[in-house]
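Taking our numbering, I'd label the letters of the sequence shown as residues 124 to 751.
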Amino acid sequence: MAKILLIDDCPEDVTFTSILIERGQLGSCVARGSGASAMDACAEFTPDCLIVDYHLPDMNGCELVEELRRRHGAHRLAVVMLSGSPNDALPGEAMASGVHEVLHKSCLSIESLRVGIRNAFHRLEMTRRLENEARRHVALAARLDLMIEGAEIGWYDWDLDTGEVECGGRFHRLFGLPKDAPVTKEVFFARIHRDDRQGIEQEMQAVIAKRMPLCLEFRVLLPDSQARWINTKGRFEHDDDGRPRRLIGMVQDLTEMRRAQAEARRNENLYLTLADSMPSIVYVTDPAGLRTFVNPEWKAFTGRSGDAWRGLGWIAAIHPEDRTAAEIAWAASASAGRPFMHEYRLQHATGEYRWHLSRAVPVLGASGEISQWIGTSTDIHDRVAAEDALRRSNQDLERFAALASHDLKEPLRMVSSYLNILTIRYASQLDAPARSYINAAVSGASRMTRMVEGILDYSRLSHQILAIRSLDSGRALADALTNLETPISENAATITHDPMPMVLADQVQMTQLFQNLIGNGIKYCSSRAPTIHVSASLDHDQVTFRITDNGIGIDPTDVDRIFEMFTRVQVSDTIAGSGIGLASCKRIIERLGGSIRVESMVGVGTTVVVTLPKAPYDREALAPEPPR
Ligand code: ADP
């Protein structure tokens, strides 16, 4: 049952209206005699309906309704106003203040009150709905504005009869028009590039005739003479006779997209030209590793036309013995996203199988996922054949060197043995000069033996397969010092070194290098006890080692010669040597991609300066080891 608040200062009228409400069972009624007391009552309870007299002692009914709406929110109450006298202006004023129904007291009855209250509730509901609808429209319009702004588009509504165009969003900006400038059909066409105007008009006629949506791309010439590509999509509205009356649509700037497309086309052309002109087979695969493209070199090499190479079809051109390994290697790379590198024999158009080196790298998309693979397959057959020939010739050479060493050392051993027998058996018959001749012959034979061994070592150095990798030069130095333990202790030598860096080298040869150079420092010592220091410094991409001794030194005119085979300078025969050590060091360094030279001063000492490529990363410097 509705809670009704009746506000009237005339007791008789209150009684009469209350009776009508009660008899008609229109609701429960509470009555107040003034605007102020009505406001207090509304603060205490929430009525559903106000029946208010226009004439109140403290204010008029419209003012009261406005105040209550202000205090308690609009449209909470259905309001029926009672007017004592016919007053033409009242319904307008009353409706404006939020009154829903006006009844004249003179014709008040149960029925008129029932209808009045029902109308008031009905209008209150209608008002609520309209307001909700209006709020929804405002929100929709705000959302639409946001979308238009976010999408950076403009819109237009073109009256085809008057030629007037209403527009918004980015329309003016896209057409290079001053903000709020009036837009007409003429203004619109004046902005369009001369070459595109006719096409647009024809297209519009065609679209109108076919009653299809409009979709056009054209150029707009801006005031600074720059052209901008615009796309418009629109819809014609027709009258009942099928005549187009309006065109509603949107415009969008395509300039950047077109520029990016042109750039992409240019890049693609460049990439295709590059792929076509490559002397190798170039291929592209999808992310899963299935081939999607090969350049013309594929057909030129294999003689296979058609697209049987697609997917994994290319494997059919591989030598049957190499297929499984190639498939496994490719599947492993494709699934792990690792660069692919594999050698296999590929069948040439002549039917001959030729060795190929295939490499492929993954191409990553914007979010880091593999979007495709790009690879090449290069004919390395001649290189492989040359390497095989070299390997065979090296093996022959090594066999030959070992044989030669053995065959040369055998007669030398015989010479030494017979000289020894001569010394022992004929000791009593030999005078001092004869014995010194025999000693000289024996030492010559042993020197010859060392030289033969040196030649063998040197020849091995030249063709030994190197295992070049990042290694700790400190390890190589420590191994060399272990091998040199005897001469170090016999000569009471002191060896010190800096923190040793990582280098790109072969462990065995690096050890041999330190051993030869430090061994020379000990061997060619002066009267002082040998003191040798190994320093190491890192440069941009190389490491420099300096092996400095305090020995007899070398005449500066000899420092280049000593790297030649069998060259020994200013040394007595009492110091064992073959003149091959430094030649071997030079060979080692050359193969590792470094350099070697000597700085020396006679009587002061010698420094051998060695440079080597630095390892890709530097290990933390090692603490210097104590002198040995
Ligand atoms: P080897 O020591 O067997 O004679 P090397 O090739 O190692 O042969 O050295 C060639 C020559 O260079 C040596 O004979 C010696 O005259 C000279 N030489 C090498 N290292 C030193 C050094 N640290 N101090 C003085 N002379 C040296």
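Cβ atoms here follow ideal geometry from the backbone N, Cα and C, with glycine treated the same way. Keep in mind the model is a prediction, meaning the values are calculated, not measured.
Proximity below 7 Å, CB of residue i to CB of residue j
i	j	result
Y467	I441	yes
R237	L149	yes
C172	A219	no
R342	H316	yes
G292	I276	yes
V657	K737	no
A659	M688	no
I144	C152	yes
N242	E224	yes
I591	L627	yes
L377	W352	yes
A616	Q638	no
I655	D672	yes
V188	G239	no
A217	C185	yes
I174	R155	no
G676	V721	no
P305	I331	no
D181	S157	yes
S67	G567	Residue numbering for the chain in the displayed model covers 124 to 751; residue 67 lies beyond these limits and cannot be assessed.
Residue span of the beta strand (DSSP E) that contains residue i, given as start and end
i	result
Q375	P367 to D376
M625	M625 to A628
I711	Counting along the chain, I711 falls outside any beta strand (DSSP E), though it belongs to the alpha helix (DSSP H) covering G704 to L715.
W352	A350 to H361
K308	Segment K308 to R314 is the alpha helix (DSSP H) holding K308; no beta strand (DSSP E) there.
K126	K126 to I130
P736	G728 to P736
N- and C-terminal bounds of the alpha helix (DSSP H) containing residue i
i	result
G273	I233 to G273
V222	It is not in any alpha helix (DSSP H) - V222 carries neither H nor E in the DSSP assignment.
N517	H504 to R548
E135	P134 to R146
C165	G158 to E167
V188	G184 to H195
Q328	R317 to K333
L600	S596 to N606
T447	P443 to A459
Residue i, buried or exposed, once every other Cβ within 10 Å from all chains shown has been counted against 16
i	result
C230	exposed
T596	First, the residue type needs correcting, since residue 596 is Ser and not Thr in the sequence shown. Label assigned to S596: buried.
T408	buried
L584	buried
D678	exposed
S208	exposed
N643	buried
T605	exposed
S428	exposed
F203	Here residue 203 turns out to be Val, not Phe, going by the sequence shown. V203 comes out buried.
A508	exposed
S456	buried
N418	buried
I685	buried
H465	buried
Y541	exposed
F294	buried
D318	exposed
H479	buried
V261	exposed
Member of the options whose CA lies at the smallest distance from the CA of residue i
i	options	result
L345	Q325, A329, F312 and D621	F312
E234	P170, R146 and D319	R146
G412	E275, I497 and S569	I497
I142	S232, L607 and C185	S232
A452	A483, V721, A274 and A398	A483
I371	T378, F359, M380 and R382	F359
S564	Q321, S718 and V538	The identity of residue 564 in the sequence shown is Ala, whereas the question assumes Ser. Closest option to A564, Cα to Cα, is V538.
T501	E420, Q349 and H620	E420
D681	G717, S723 and M380	S723
W281	T307, F298 and H295	T307
D347	R381, A329 and F298	F298
H529	H260, M574 and A512	M574
D621	S593, Y581 and F668	F668
D505	Y476, I547, L531 and I712	Y476
P610	K646, M623 and E576	K646
V486	L469, G460, E510 and T499	G460
M401	F424, E386, T415 and A599	F424
R296	V374, T447 and T138	V374
Chain D within 7 Å of residue i, Cβ atoms only
i	result
M270	In the displayed structure, chain D is absent; only one protein chain is listed.
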